[in-house]
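*Asks:* Counting in the numbering used here, the sequence shown runs from 4 upward without gaps. C-beta: ideal position from N, C-alpha, C; glycine also. Mind having a look at this structure? Questions to follow.
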Amino acid sequence: VKEVGLSSDQAKACVQLAEISGKDETVIEAVRSLGVAHDLLDQGLAELAALLEAAQQVVPDRVIADLKIARGLDYYTGTVFETFLEGAKKLGSVASGGRYDSLASDGKVTFPGVGYSFGITRILAPLISTGKLTASRSVPSAVLVAVDNNDSRPAANTVAAALRSRGIAAEVAPKPDKFGKQIRYAERRGIPYVWFGAGYDDSVKDIRSGEQITADPMSWEPPQADLWPSFGSA
4 VKEVGLSSDQ
14 AKACVQLAEI
24 SGKDETVIEA
34 VRSLGVAHDL
44 LDQGLAELAA
54 LLEAAQQVVP
64 DRVIADLKIA
74 RGLDYYTGTV
84 FETFLEGAKK
94 LGSVASGGRY
104 DSLASDGKVT
114 FPGVGYSFGI
124 TRILAPLIST
134 GKLTASRSVP
144 SAVLVAVDNN
154 DSRPAANTVA
164 AALRSRGIAA
174 EVAPKPDKFG
184 KQIRYAERRG
194 IPYVWFGAGY
204 DDSVKDIRSG
214 EQITADPMSW
224 EPPQADLWPS
234 FGSA
């Protein structure tokens with residue numbers, strides 16, 4: 004308190020301000036009851052009141068004004084927000100952002116705006132763990148390029164790179180092993196195809212049907228349904 008030059012009464016008011024939260028105009032009334040007067044405060048309260056009114060019309064009872072929220076970046080000039088998933092608050096905020104009036108500029112003109120970011124992993128984690136969202140496979144890879152021995156790894160890497168350059172997600176087996184073990188590795192990860200004989204006798208096998216054909220990494224394509232994992236609700 005002494006370091007920032009606040010009196011004990013001012014410090015107490017800051018704590019009281021941070022304890023205020025609500026979904027309607029009672030938030031504004033609670034701030035007014037602190038007895039603080041300032042033009043910037045009046046402007047902020049007017050904007051907050053308008054935001055709460057609009058939120059109640061669009062998403063009633065979903066938006067809470069919580070005055071203890073403070074973003075760690077100083078370019079925000081207006082409302083800031085954090086988003087939480089119902090039933091998964093232990094994950095913390097899954098999306099956050101706010102208003103900034105002077106962050107973007109070309110040197111002559113300033114472009115105000117609102118920005119936010121969200122965490123895909125944090126959003127998907129509870130959906131997957133509770134079985135509400137399922138995936139056709141656990142990894143994006145459509146192809147596992149088998150490795151005969153350590154000497155063949157460069158050729159396997161070349162095949163994988165060729166597939167990736169054409170938009171086909173591929174990974175190289177982590178170690179040389181018997182082909183049966185590499186197939187089982189692909190099965191555990193849900194990868195539908197295994198590529199054999201990289202660079203000298205190229206062929207690709209659909210490990211679900213057992214069909215194996217000669218293939219060129221610069222022209223072979225899996226069916227569209229196998230190209231990427233598919234998602235659905237349980």
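#1: Once you ignore the five residues that flank Ile216 on each side, which residues in its own chain have a CB closer than 7 Å to its CB?
#2: Assuming Gly95 is part of the alpha helix (DSSP H), what are its boundary residues?
#3: Please go through the same chain and pick out, in chain order, the residues whose beta-carbon is closer than 8 Å to the beta-carbon of Ala105, but skip the five residues on each side of it.
#4: Select from Phe87, Lys111 and Ser120 the residue whose C-alpha is nearest the C-alpha of Arg102.
#5: In chain order, what residues of the same chain lie with their CB nearer than 8 Å to the CB of Asp64, ignoring the 5 residues before and after it?
#6: Taking DSSP as the reference, what is the three-state secondary structure of Val62?
#7: Taking 6 Å as the limit between beta carbons, can you name the residues of its chain near Ala58, skipping five residues before and five after?
#8: Less than 8 Å separating the beta-carbons of Pro157 and Pro232?
#9: For Gln185, count neighbouring C-beta atoms within 10 Å of its own C-beta (all shown protein chains included) and say buried if the count is 16 or more, exposed if not.
#10: Roughly how many whole angstroms lie between the Cα atoms of Arg169 and Pro220?
#11: Is it the case that the Cβ atoms of Asn160 and Val146 are separated by a distance below 8 Å?
#12: Please state if the CB of Ala163 and the CB of Val150 are separated by a distance shorter than 8 Å.
#13: State the Cα-Cα distance for the pair Ser155 and Lys71, rounded to the nearest angstrom.
#14: Excluding the 5 residues preceding and the 5 following Val34 in the sequence, name in chain order all residues of the same chain whose CB lies nearer than 8 Å to its CB.
#15: For Val142, does the three-state DSSP call read helix, strand or coil?
#16: Considering only C-alpha positions, which residue in the set Thr137, Val197, Ser139 and Ala107 is nearest to Leu166?
*Replies:* This is what the structure holds:
#1: Ser206 and Val207
#2: Per DSSP, Gly95 belongs to no alpha helix (DSSP H) and is neither H nor E.
#3: Checking the displayed sequence, the identity of residue 105 turns out to be Ser instead of Ala. Contacts found: Tyr78, Thr80, Thr113 and Pro115.
#4: Ser120
#5: Lys26
#6: coil
#7: Val66
#8: no
#9: buried
#10: 9 Å
#11: no
#12: no
#13: 59 Å
#14: Leu20, Ile23, Leu44, Leu48 and Leu70
#15: coil
#16: Val197
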